[in-house]
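If you count the sequence shown from 1, you need to add 1 to reach this note's numbering.
Note that beta-carbon positions come from the ideal geometry of N, C-alpha and C, so glycine has one too.
Keep in mind that this is a model prediction, so the values were computed, not measured.
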Amino acid sequence: MEKEMLTRTRAQELRKNATKEENHLWYDFLKNHPLQFRRQKPFGRYIVDFYCDRAKLVIELDGSQHFEEDGLQYDAARTEYLQQVEKLRVIRFTNLDIKTNFEGVCAAINREVELNVPSSVAAAPRHLPPGEGLKKPHT
2 MEKEMLTRTR AQELRKNATK EENHLWYDFL KNHPLQFRRQ KPFGRYIVDF
52 YCDRAKLVIE LDGSQHFEED GLQYDAARTE YLQQVEKLRV IRFTNLDIKT
102 NFEGVCAAIN REVELNVPSS VAAAPRHLPP GEGLKKPHT
């Protein structure tokens, strides 16, 4: 129970201290995606950058620390846990991908979402705009 609380607290800290690349992907694409994504979502002892429950998809952004030996080993263990235990798909992008090929990253995410979610569901708006929806008939 205490470990879960520490993981949740750490996830909150990570949301508050997101990298420029994480903020760019979140605010300019995922936050308003038709399917709901979450930032810094805990799974067991791990925290993933972004997660979509409907698509069972984890998105990880890798900075330079991920390419050092310790980072590579940690990422491999986390990916194995997420795939084997949680039954999730994991896709990774580098911070450089976000900086230099943002539209390509967004297209790749949409392709991954469509693998598990019918396109009619993925394309549907998550929330109706103000003033839309069921209206009372005038009598």
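Cβ of residue i within 8 Å of Cβ of residue j?
| i | j | result |
| --- | --- | --- |
| glutamate 23 | leucine 62 | yes |
| valine 106 | isoleucine 99 | yes |
| leucine 15 | valine 59 | no |
| tyrosine 47 | arginine 93 | no |
Kindly indicate the opening and closing residues of the beta strand (DSSP E) around residue i.
| i | result |
| --- | --- |
| leucine 58 | 58-63 |
| lysine 42 | 38-44 |
| phenylalanine 94 | 90-95 |
Does DSSP put residue i in a helix, in a strand, or in coil?
| i | result |
| --- | --- |
| threonine 10 | helix |
| threonine 20 | coil |
| histidine 67 | Its pLDDT being 49, under 50, histidine 67 is placed unreliably by the model, and the measurement read from it follows with that caveat. If DSSP states are grouped into helix, strand and coil, histidine 67 belongs with the helices. |
| leucine 15 | helix |
Comparing the CB of residue i with every heavy atom of the ligand PLP, is any distance shorter than 7 Å?
| i | result |
| --- | --- |
| glutamate 104 | For the structure depicted, the ligand PLP is absent and the ligand set is empty, with no information on it obtainable. |
Between residue i and residue j, which are expected to be in contact by the criterion C-beta below 8 Å, what is the C-beta distance as a whole number of angstroms?
| i | j | result |
| --- | --- | --- |
| lysine 1 | alanine 12 | Since the first residue of the chain shown is 2 and the last is 140, residue 1 is not available in this structure. |
| alanine 56 | glutamate 113 | 7 Å |
| glycine 45 | tyrosine 82 | 6 Å |
| cysteine 53 | phenylalanine 30 | Actually they do not touch by this definition, with Cβ atoms about 12 Å apart. |
| threonine 20 | asparagine 96 | 7 Å |
| arginine 40 | tryptophan 27 | 6 Å |
Mind checking which residues open and close the alpha helix (DSSP H) that includes residue i?
| i | result |
| --- | --- |
| aspartate 54 | That residue, aspartate 54, is in no alpha helix (DSSP H); it is neither H nor E in DSSP. |
| tyrosine 75 | 70-85 |
| leucine 116 | 103-117 |
Check whether chain C comes within 8 Å of residue i, counting only Cβ atoms and requiring the distance to be less than that.
| i | result |
| --- | --- |
| glycine 72 | Absent here is chain C; the protein component of the structure consists of one chain. |
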